[in-house]
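Enquirer: Below: one structure in structure tokens.
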Amino acid sequence: MKYSLFDINQIENLEIRSYFSEVISCYENHNYRAAILVLYTVILYDLTYKLEELRDEYEDSNAKQLLEEIYKKINSSGDKSSWENLLLDKLHESTDFEIVDDNLWSTIQAVKLKRNLSAHPSFDQEQQIYQPTRELTLGFIKEIYETLLTKSAHFMSRGLERVFESFKQKKSHFNIRNFYEDSKDNNYEYNYFYNRFYSRMSMPLKKKFFKNVWALTFEKNNEELENNFLNLFVIIKVLEQDEQLFKDFIEGKLKSDKIKDIIDLDIPINKFILFLNFYPDYYQYLNSDVQERIEKKFKEINHYLYIWYTKENIPEYIEMIMADDIEDLDGISSDQIKLFNFICKEKGIIEVFNEFLLKILEKYVPNWFGFDDANIIMNKFIIPYLNDFKEEDYFEYARIRKANNQIYDRDRDSEDNRILISKMQEQELDYHEFEELLKFK
Numbered sequence: 001m002k003y004s005l006f007d008i009n010q011i012e013n014l015e016i017r018s019y020f021s022e023v024i025s026c027y028e029n030h031n032y033r034a035a036i037l038v039l040y041t042v043i044l045y046d047l048t049y050k051l052e053e054l055r056d057e058y059e060d061s062n063a064k065q066l067l068e069e070i071y072k073k074i075n076s077s078g079d080k081s082s083w084e085n086l087l088l089d090k091l092h093e094s095t096d097f098e099i100v101d102d103n104l105w106s107t108i109q110a111v112k113l114k115r116n117l118s119a120h121p122s123f124d125q126e127q128q129i130y131q132p133t134r135e136l137t138l139g140f141i142k143e144i145y146e147t148l149l150t151k152s153a154h155f156m157s158r159g160l161e162r163v164f165e166s167f168k169q170k171k172s173h174f175n176i177r178n179f180y181e182d183s184k185d186n187n188y189e190y191n192y193f194y195n196r197f198y199s200r201m202s203m204p205l206k207k208k209f210f211k212n213v214w215a216l217t218f219e220k221n222n223e224e225l226e227n228n229f230l231n232l233f234v235i236i237k238v239l240e241q242d243e244q245l246f247k248d249f250i251e252g253k254l255k256s257d258k259i260k261d262i263i264d265l266d267i268p269i270n271k272f273i274l275f276l277n278f279y280p281d282y283y284q285y286l287n288s289d290v291q292e293r294i295e296k297k298f299k300e301i302n303h304y305l306y307i308w309y310t311k312e313n314i315p316e317y318i319e320m321i322m323a324d325d326i327e328d329l330d331g332i333s334s335d336q337i338k339l340f341n342f343i344c345k346e347k348g349i350i351e352v353f354n355e356f357l358l359k360i361l362e363k364y365v366p367n368w369f370g371f372d373d374a375n376i377i378m379n380k381f382i383i384p385y386l387n388d389f390k391e392e393d394y395f396e397y398a399r400i401r402k403a404n405n406q407i408y409d410r411d412r413d414s415e416d417n418r419i420l421i422s423k424m425q426e427q428e429l430d431y432h433e434f435e436e437l438l439k440f441k
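Going by the working numbering, the first residue of the sequence shown is number 1, and it counts up by one from there.
Laid out in structure tokens, this is it:
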């Protein structure tokens with residue numbers, strides 16, 4: 001096929017795929033009237049096959065009823081073409097079906113008009129048979145291919161219900177520690193969602209889907225949704241591809257009073273606060289009173305590292321919280337640290353993250369009765385992130401350790417030193433000077 005613009009493999013139904021190939025063949029051979037004639041037939045067959053799929057595979061009662069009405073029209077003694085109007089009108093007007101929106105309806109009606117001109121004796125003022133242009137024919141083919149033929153029957157009826165039903169089966173895979181990771185499993189799950197559902201949605205349906213998943217993720221409050229990080233994962237990934245499509249919706253939400261209700265939800269971890277970690281620019285769209293509410297409410301142990309965007313940049317935020325002498329800053333969860341590590345890597349400022357970890361070690365291990373504190377901080381803040389340490393970070397650690405006997409005199413100091421030196425060797429750093437520094441107490 002000459003026109004790589006049309007990948008017929010994107011059309012699921014094999015018969016429709018074959019019919020569409022005939023449309024392309026007519027077009028390539030400059031038989032534009034024939035192309036439009038066959039294209040209109042393909043439209044009718046495709047819609048009918050989609051209804052049959054809904055009836056047979058999903059036991060959809062609305063599809064079954066409409067098909068029965070269509071077959072009754074076909075078998076009646078009246079106008080044999082009346083079933084075409086019934087099919088198109090019902091799919092466009094009924095709220096039970098979601099595939100023939102106003103844009104597709106207009107295109108189909110235009111194709112039908114040109115099909116009638118092409119199929120029936122009709123002369124223009126110069127007594128010539130109607131001849132569609134190459135550009136018009138290609139435009140029709142492209143529009144029908146993109147907005148109908150490559151769309152799944154899923155979305156003709158109960159489409160979004162099926163999407164969210166599939167989410168229920170997948171949600172256990174996602175949690176607060178992995179929903180943002182660029183992992184093989186996460187990519188597989190998103191590719192499944194994208195290929196099975198999202199890529200086949202019309203633009204209006206995408207907007208409807210996003211509106212629903214936004215409400216479920218941020219505006220609802222129950223135990224099941226609190227533990228559901230799949231929805232947030234999907235929002236983040238969808239915005240990577242189609243942010244402009246949803247930007248007006250998001251900005252409208254951020255300016256509405258509803259956002260205050262989201263901020264005030266009584267939940268352990270606020271997912272909207274997490275969302276802003278990935279799209280921090282939206283923080284600026286919030287009214288000043290909402291921003292103040294976020295800074296006041298979430299500057300606490302469950303969210304300390306989730307609100308860095310409340311300052312101009314991450315270094316400024318870290319400087320602020322370290323200067324505030326926050327009593328329980330060392331008690332933040334491993335989940336917060338892990339996400340903050342991810343964000344700093346994404347922004348190319350891992351040195352800021354490493355500096356923060358070392359400041360926690362220096363500031364929050366007391367000079368007496370601090371062995372347990374040192375062990376906890378080493379386990380939570382230092383050891384898990386050595387892969388990101390630079391040579392200067394190791395030497396800064398050695399300086400901090402030497403200044404506090406609660407670090408170097410604890411029973412796990414030798415084992416931690418062994419781990420640090422081993423990690424330097426893995427990174428092919430010169431560890432000998434560092435090793436010598438660890439001998440001094």
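Note that the Cβ used here is the ideal one computed from N, Cα and C, for glycine as well.
Give the single residue among R200, F246, Y180 and E312 whose Cα lies nearest to the Cα of K271.
Expert: Closest by alpha carbon: Y180.
Enquirer: Classify M1 as helix, strand or coil using the three-state DSSP reduction.
Expert: Bear in mind that the predicted position of M1 carries a pLDDT of just 46, short of 50, making it too unreliable to give a figure here.
Enquirer: If you drop the 5 nearest sequence neighbours on each side, which residues of the same chain put their C-beta closer than 6 Å to that of F167?
Expert: L230.
Enquirer: Tell me which residue opens and which closes the alpha helix (DSSP H) that Y279 is part of.
Expert: Segment: none, Y279 is in no alpha helix (DSSP H) and carries neither H nor E.
Enquirer: For the stretch 179-203, which segments carrying the alpha helix (DSSP H) assignment without a break, of at least 4 residues, lie completely within its bounds, in sequence order?
Expert: Within the stretch 179-203, the complete alpha helix (DSSP H) runs of at least 4 residues are 184-196.
Enquirer: Output the distance between the C-alpha atoms of Y49 and L148, rounded to the nearest integer angstrom.
Expert: So the alpha carbons of these two residues sit roughly 12 Å apart.
Enquirer: Taking the alpha helix (DSSP H) that M378 belongs to, which residues open and close that run?
Expert: It is not in any alpha helix (DSSP H) - M378 carries neither H nor E in the DSSP assignment.
Enquirer: Can you list, in chain order, the residues of its chain with a C-beta nearer than 6 Å to that of K359? Leave out the 5 residues immediately preceding and following it.
Expert: Only M322 meet the Cβ criterion.
Enquirer: In terms of residue numbering, what span does the alpha helix (DSSP H) encompassing E415 cover?
Expert: First-last of the alpha helix (DSSP H) with E415: D413 to E426.
Enquirer: Any idea what DSSP makes of I350, helix, strand or coil?
Expert: Helix, per DSSP.
Enquirer: With 16 as the cutoff for other CB atoms within 10 Å, does Q284 come out buried or exposed?
Expert: Exposed, since its Cβ has fewer than 16 Cβ neighbours within 10 Å.
Enquirer: Just how far apart, CA to CA, sit D46 and N191?
Expert: Answer to the nearest angstrom: the Cα atoms are 25 Å apart.
Enquirer: Is it the case that the Cβ atoms of L37 and A110 are separated by a distance below 8 Å?
Expert: Going by C-beta atoms, L37 is not nearer than 8 Å to A110.
Enquirer: DSSP state of I267, grouped into three classes?
Expert: Residue state, collapsed to three classes: coil.
Enquirer: Below 8 Å between beta carbons: does that hold for L305 and F340?
Expert: Their beta carbons are under 8 Å apart, which means L305 touches F340 by this criterion.
Enquirer: Please report the distance separating the alpha-carbon of E189 from that of D182.
Expert: For E189 and D182, the distance between alpha carbons rounds to 11 Å.
Enquirer: Is the separation between the beta-carbon of Y309 and that of P268 shorter than 8 Å?
Expert: No, Cβ-Cβ distance for Y309 and P268 is not below 8 Å.
Enquirer: Can you say whether S202 is buried or exposed, counting buried as having 16 or more other CB atoms within 10 angstroms of its CB?
Expert: Flag for S202 reads buried.
Enquirer: Please list the terminal residues of the continuous alpha helix (DSSP H) segment that includes K402.
Expert: Where K402 is concerned, the enclosing alpha helix (DSSP H) stretches over E391 to K402.
Enquirer: Pick from L437, R115 and D56: whose alpha carbon is nearest that of I129?
Expert: That would be R115, whose Cα lies nearest to the Cα of I129.
Enquirer: Return the chain-ordered list of same chain residues with a C-beta closer than 6 Å to the C-beta of K73, the five sequence neighbours on each side being excluded.
Expert: Within the same chain, K73 has close Cβ partners S82, W83 and L86.
Enquirer: Do V365 and I407 have their beta-carbon atoms positioned less than 8 Å apart in this structure?
Expert: Yes, the Cβ-Cβ distance between I407 and V365 is below 8 Å.
Enquirer: So what's I129 in DSSP terms, helix, strand or just coil?
Expert: In this structure, I129 counts as strand in the three-state DSSP scheme.
Enquirer: DSSP state of V111, grouped into three classes?
Expert: The answer is helix: DSSP assigns V111 an H, G or I state.
Enquirer: CA-CA distance, Q425 and I376?
Expert: Computed Cα separation, rounded: 25 Å.
Enquirer: Hey, how far is the Cα of R335 from the Cα of N178?
Expert: The identity of residue 335 in the sequence shown is Asp, whereas the question assumes Arg. Their backbone Cα atoms lie some 9 Å apart in a straight line.
Enquirer: Terminal residues of the continuous alpha helix (DSSP H) containing A63?
Expert: Note, A63: alpha helix (DSSP H), S61 to I74.
Enquirer: Look up G78 in the DSSP assignment and say whether it is helix, strand or coil.
Expert: Note: G78 maps to coil in three-state DSSP.
Enquirer: Does the contact criterion of 3 or more C-beta pairs under 8 Å hold for the stretch 148-164 versus the stretch 89-109?
Expert: Yes, they touch.
Enquirer: Would you kindly work out how many angstroms separate the C-alpha atoms of Y198 and Y317, rounded to a whole number?
Expert: So the two alpha carbons sit approximately 37 Å from each other.
Enquirer: Does the stretch 59-68 come into contact with the stretch 16-35, if we say contact requires no fewer than three beta-carbon pairs (one atom in each stretch) closer than 8 Å?
Expert: The stretch 59-68 vs the stretch 16-35: no contact.
Enquirer: Can you check whether the CB of R410 is closer than 8 Å to the CB of F434?
Expert: Against a cut-off of 8 Å, the Cβ pair of R410 and F434 comes out as no contact.
Enquirer: Determine the contact status of E319 and I307, defining contact as a CB-CB distance below 8 Å.
Expert: Going by C-beta atoms, E319 is not nearer than 8 Å to I307.
Enquirer: Let me check understanding here. Comparing Cα to Cα, which of S414, E396 and E52 lies closest to E68?
Expert: Closest by alpha carbon: E52.
Enquirer: Taking 8 Å as the cut-off, decide whether the C-beta atoms of Y343 and N277 are in contact.
Expert: Note that residue 343 is Ile in the sequence shown here, rather than Tyr. Yes. Within cutoff.
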